[in-house]
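Please read the structure below before turning to the comments.
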Amino acid sequence: MTIREPYEVVSTILGVLLALYFAEIGINVYGTGSVTLEAEERGASVEPDLSYYVGGTEGKDYSDLAIEVAYTSGNIKKLEKYKRFGVTEVWFWENKQLFLYRLHEHEYEQIPQSDFFPDLNLALLCGVS
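Numbering that gives the first Met the number 0 numbers the first residue of the sequence shown as 0 and each following residue consecutively.
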């Protein structure tokens, strides 16, 4: 088994669980997978494992939500890159824990629950392995 396989399994399961949740609540969410956010003028490039537009794509250059799956620490450093693209929420799944951040007045603040999905059972997502 390669090192990348466990990461891919977690990413896939998270994507499926979120898709089921979005379908259940009937919210307009457009998944863009691991599309690379790249802009020379912004001086940054970042590739989330999962990304979504919430409430449609019209008038938006970049996704509203980015999710990173990691088996190592240090992902918080990526928030600076996401900030350059104006990604509203960034979630980090690490060691069966979710760390959520929301962009507020040009800075990310850690939040206990998603503002986009206040009823989402985060404990279910944390149990993915």
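For glycine and all other residues, C-beta sits at the position ideal for the given N, C-alpha and C.
Length of the line joining the Cα atoms of residue i and residue j
{"i": "V127", "j": "L119", "result": "15 Å"}
{"i": "A22", "j": "G55", "result": "15 Å"}
{"i": "Q112", "j": "L121", "result": "8 Å"}
{"i": "F115", "j": "N94", "result": "23 Å"}
{"i": "D63", "j": "P5", "result": "26 Å"}
{"i": "E67", "j": "E57", "result": "24 Å"}
Beta-bridge partners of residue i, as assigned by DSSP
{"i": "R83", "result": "BP columns for R83 are empty, so no partner."}
{"i": "S50", "result": "A65"}
{"i": "V34", "result": "DSSP, once it has assigned bridges, lists no residue as partnering V34."}
{"i": "F91", "result": "E67, F98"}
{"i": "V28", "result": "V53"}
{"i": "Q109", "result": "Y100"}
Cβ of residue i within 8 Å of any chain D Cβ
{"i": "E108", "result": "You won't find chain D in this structure, because it holds only one protein chain."}
Given residue i as reference, the closest of the options once Cα atoms are compared
{"i": "E106", "options": "Y20, F98, R83", "result": "R83"}
{"i": "S33", "options": "I24, G25, S44, G85", "result": "S44"}
{"i": "P117", "options": "Q96, E7, E88, W92", "result": "E88"}
{"i": "V8", "options": "W92, Y61, Y51, V28", "result": "W92"}
{"i": "T31", "options": "Y20, L124, Y61", "result": "Y61"}
{"i": "S10", "options": "L102, K76, E104, L97", "result": "L97"}
{"i": "I75", "options": "K59, E104, Q109", "result": "Q109"}
Residues near residue i by beta carbon distance below 8 Å, same chain, minus five either side
{"i": "M0", "result": "Reliability fails at M0, whose pLDDT of 43 lies under 50, so the model's placement of it is uncertain and no value is given."}
{"i": "L140", "result": "Here the chain comprises residues numbered 0 to 128, so residue 140 is not present and cannot be evaluated."}
{"i": "G168", "result": "This structure gives no information on residue 168, because the portion of the chain shown stretches from 0 to 128."}
{"i": "L16", "result": "L123, L124, V127"}
Distance CB(residue i)-CB(residue j) smaller than 8 Å
{"i": "L36", "j": "G14", "result": "no"}
{"i": "A69", "j": "P47", "result": "no"}
{"i": "Y51", "j": "V86", "result": "no"}
Residues of its chain near residue i, where Cβ-Cβ distance is below 7 Å and the 5 sequence neighbours each way are ignored
{"i": "K80", "result": "A43, V45"}
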